[in-house]
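Numbering (the working numbering), first residue to last: 266 to 561. Here the structure is laid out as structure tokens; the discussion comes afterwards.
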């Protein structure tokens with residue numbers, strides 16, 4: 266059994282360009298309490314919560330402060346892996362064995378680290394109806410190929426063949442982070458076109474209904490008139506060590522399609538990938554302009 270560690274202590278290995286924090290972390294308030302204070306200060310059904318790591322704090326939040334659910338417009342989660350042909354995205358192999366997850370054969374990292382927390386969230390009907398899940402089946406469709414890397418590194422307005430070309434620190438850092446795991450994704454998971462992007466897709470989900478909306482297609486190909494929603498269950502039986510050894514399916518996310526019209530978790534089948542990269546590039550252009558102005 267081969268276990269792959271696709272993360273690191275900081276979560277941001279691959280670059281040394283991150284700036285020194287302007288101030289130390291505020292440890293005087295528990296994270297869950299700080300989250301609740303911020304969310305409860307917003308009007309009902311207006312606030313988005315985006316989770317791009319394990320769901321421990323989110324589960325703790327809704328258990329300690331159940332009223333926060335009424336203030337959320339949406340909860341967007343990057344995590345999980347459905348498999349079984351849910352999308353056409355390559356899920357990868359280890360040797361000749363097909364796999365769903367990136368941490369174990371069946372589970373994605375953010376879910377398997379605390380499967381009970383994930384199960385708590387998906388088992389709350391009011392919260393599930395506001396939840397968008399971005400699993401590996403979706404993020405593996407957003408690959409940073411050579412053309413994308415060139416665009417993100419140099420932007421639309423810079424000629425990379427010019428000797429005067431010098432990408433911004435921000436762009437260089439982003440490309441370093443994207444490329445850090447490219448070799449592993451290629452050799453181990455068979456994603457040879459480029460490394461996938463994960464967390465920003467979960468952020469993009471909250472643009473729905475705005476001028477920056479990136480279409481997320483919550484239906485199978487050829488069924489545009491049908492809005493799919495799912496009941497999601499997380500396997501919690503077994504230990505983390507057993508899951509790593511391939512003895513259990515701990516942390517596996519099982520999605521069951523609900524009858525039309527019934528509320529549940531939104532799991533896109535695909536997205537408008539060119540529009541996604543355009544929004545990323547627009548953000549980089551604006552950030553470069555702000556950073557350049559701050560340095561004057």
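C-beta: ideal position from N, C-alpha, C; glycine also. Only a predicted model underlies this, so the values are computations on that prediction, with no experimental measurement involved.
Apart from the five residues just before and just after residue 402, which ones in its own chain have a Cβ nearer than 6 Å to its Cβ? Taken in chain order, the residues that qualify are 347, 351, 352 and 354.
Would the stretch 283-303 and the stretch 312-325 be scored as touching if the rule is three or more Cβ pairs under 8 Å? In the pairwise beta carbon analysis, the stretch 283-303 is classified as touching the stretch 312-325: at least three pairs are separated by under 8 Å.
Going by the CB atoms, is the gap between residue 418 and residue 436 shorter than 8 Å? yes
Using alpha carbons as the reference points, say which of 408, 371, 312 and 349 lies closest to residue 537. 408
Within 10 angstroms of the Cβ of residue 415, are there 16 or more other Cβ atoms? Answer buried if so, exposed if not. exposed
For residue 297, does the three-state DSSP call read helix, strand or coil? helix
Assign residue 531 to one of two classes, buried (16 or more other C-beta atoms within 10 Å of its C-beta) or exposed (fewer than that). buried
Skipping 5 residues on each side, what residues in its chain have a beta carbon closer than 7 Å to that of residue 274? A caution first: residue 274 carries a pLDDT of 40, below 50, which makes its placement in the model unreliable, though a value can still be read off. Contacts found: none.
Within a Cβ cutoff of 6 Å, which residues of the same chain sit near residue 381, ignoring the five residues on either side of it in sequence? In its chain, beyond the 5 residues on either side, 501 have a beta carbon closer than 6 Å to the beta carbon of residue 381.
Do you know offhand how far residue 553's Cα is from residue 281's? 19 Å
Sorted by chain position, which residues of the same chain lie with C-beta nearer than 6 Å to residue 384's C-beta, five sequence neighbours on each side aside? 499 and 501
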